[in-house]
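Shown next, in structure tokens, is the structure this report addresses.
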Amino acid sequence: MFVQFGAEEKILVEAHPHIGTNKLPHIITAMRNQIIASGGEVLFEKKLVDFIIEKEIIKGVLTADGDTLFADAVVLATGHSARDIYELLFRKNILIEAKPFALGVRIEHPQSIIDAAQYHLFNENKKANRGDFLPPATYSLVEQVNGKGVFSFCMCPGGIIAPASTNNNELVVNGWSPSKRNNPFANSGMVVPVELSDIIKNKKNEKITPLSLMNFQQEIEAKAFIAGGGKFVAPAQRVVDFCNHKISNTLPECSYLPGIKSTNLKNVLPEFISSRLQQVLQAFGKRMKGYYTNEAIVVATESRTSSPVRIPRNENNLQHPQIKNLYPCAEGAGYAGGIVSAAMDGEKVAENIAAVLQ
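Going by my numbering, the first residue of the sequence shown is number 498, and it counts up by one from there.
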């Protein structure tokens, strides 16, 4: 399907296909045009603010400008950052659940260090050029630390660390690679699983709700924003300094364009996350030559790995167990973890709706 709408055909045969974040907007536009040409309608600047529900059957939605949109089925595929939707469901006592997710930092190395480690190019200068015929090297790392699997996430060779905040006064970073993967840096999320039991230990007197993990996520993002000093400048630390509890006197060049500020990330991240990251980065350095180095930096905060809320659904028809004809779908509902898996879940939901409406 991606090729049909403009992606390069090589992704059909590559072991690790990569479309390129820079090309995705054009592909999505082509998909939208096909939907419209087939009779669909796409409404921009229409914010959902309420559900129209009668006798536990959803009839449609209400928008911020007062429009009512009626439908035989409502698919809730709002993405993992639509906190207003989770809050709306919670206020209306529609069943939702706290879902474990993962949170940490984005780590960035010069691409040459990763190339040297993965292609075994080290010489007396500790680095070497991979040449013109090898692609920028990638990696995938995981390690058990004190009962949790700390892991790399969304590794971007030749990539860029980008701002990914959805609210003012909160800081989120993510990574992406252009189709040519030709930037001089390699970055990856490095994250620790977060469960309700982790925050219960720190908030003994606070009532635990289905939104507790979402609220925890939001608190860390707000801390990161303050630590960066505003304007979406990100708090950062050299890797070895971070592991040795030392504030970096200087920071290396970084692909994150709003800028970075030297900070003790231990003051941003909870101890159960920062301590595991410190242990795992040193362990990865023993496994991958050159990985544990002060030429690399960690940038906070990588916090949108997946949804911190799950919207439940029945296995047989994919409808919400409480509200008939409401179909929780894809990443925001807790049933996908990326573009392709979200698309596949959307296809599955569409097939179930078609079967009901026939």
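Even glycine gets a Cβ: it sits at the ideal position worked out from N, Cα and C.
Supposed contact pair residue j and residue i - C-beta distance, whole angstroms, cut 8 Å
{"i": "residue 794", "j": "residue 824", "result": "Not a contact, Cβ separation roughly 42 Å."}
{"i": "residue 676", "j": "residue 516", "result": "7 Å"}
{"i": "residue 839", "j": "residue 833", "result": "4 Å"}
{"i": "residue 774", "j": "residue 687", "result": "6 Å"}
{"i": "residue 580", "j": "residue 670", "result": "About 18 Å separates the two Cβ atoms, so there is no contact after all."}
{"i": "residue 869", "j": "residue 689", "result": "Within the shown structure, residues of the chain are numbered from 498 to 855, placing residue 869 beyond reach of any answer."}
{"i": "residue 752", "j": "residue 648", "result": "Between residue 648 and residue 752 the Cβ distance is about 22 Å, and since that is not below 8 Å, they are no contact."}
Assigned secondary structure, residue i (DSSP; H/G/I helix, E/B strand, else coil)
{"i": "residue 592", "result": "coil"}
{"i": "residue 650", "result": "strand"}
{"i": "residue 583", "result": "helix"}
{"i": "residue 547", "result": "strand"}
{"i": "residue 575", "result": "coil"}
{"i": "residue 808", "result": "coil"}
{"i": "residue 631", "result": "coil"}
{"i": "residue 597", "result": "coil"}
{"i": "residue 563", "result": "coil"}
{"i": "residue 528", "result": "helix"}
{"i": "residue 536", "result": "coil"}
{"i": "residue 498", "result": "coil"}
{"i": "residue 818", "result": "coil"}
{"i": "residue 522", "result": "helix"}
{"i": "residue 618", "result": "coil"}
{"i": "residue 837", "result": "helix"}
{"i": "residue 855", "result": "coil"}
{"i": "residue 846", "result": "helix"}
{"i": "residue 813", "result": "coil"}
{"i": "residue 541", "result": "coil"}
{"i": "residue 611", "result": "helix"}
Classification of residue i by the beta-carbon crowding that lies within 10 angstroms, buried from 16 upward
{"i": "residue 784", "result": "exposed"}
{"i": "residue 578", "result": "buried"}
{"i": "residue 558", "result": "buried"}
{"i": "residue 743", "result": "exposed"}
{"i": "residue 541", "result": "exposed"}
{"i": "residue 533", "result": "exposed"}
{"i": "residue 513", "result": "exposed"}
{"i": "residue 754", "result": "exposed"}
{"i": "residue 631", "result": "exposed"}
{"i": "residue 537", "result": "exposed"}
{"i": "residue 684", "result": "buried"}
{"i": "residue 706", "result": "exposed"}
{"i": "residue 444", "result": "Look at the range of the chain in this structure, 498 to 855, and you will see that residue 444 is not part of it."}
{"i": "residue 601", "result": "buried"}
{"i": "residue 674", "result": "buried"}
{"i": "residue 531", "result": "exposed"}
Opposing strand residues paired with residue i [DSSP bridges]
{"i": "residue 439", "result": "As shown, the chain starts at 498 and ends at 855. That puts residue 439 outside it, with no answer to give."}
{"i": "residue 823", "result": "571"}
{"i": "residue 641", "result": "646"}
{"i": "residue 557", "result": "549 and 567"}
Distance cut-off 7 Å: residue i Cβ against heavy atoms of the ligand FAD
{"i": "residue 502", "result": "Here there are no bound small molecules, and the ligand FAD is not part of this structure."}
Hey, which unbroken runs of the alpha helix (DSSP H) at 4 residues or more fall wholly within the region 718–806?
736–740 and 768–784
What runs of the alpha helix (DSSP H), each 4 residues or longer, lie entirely inside the region 644–710?
693–699
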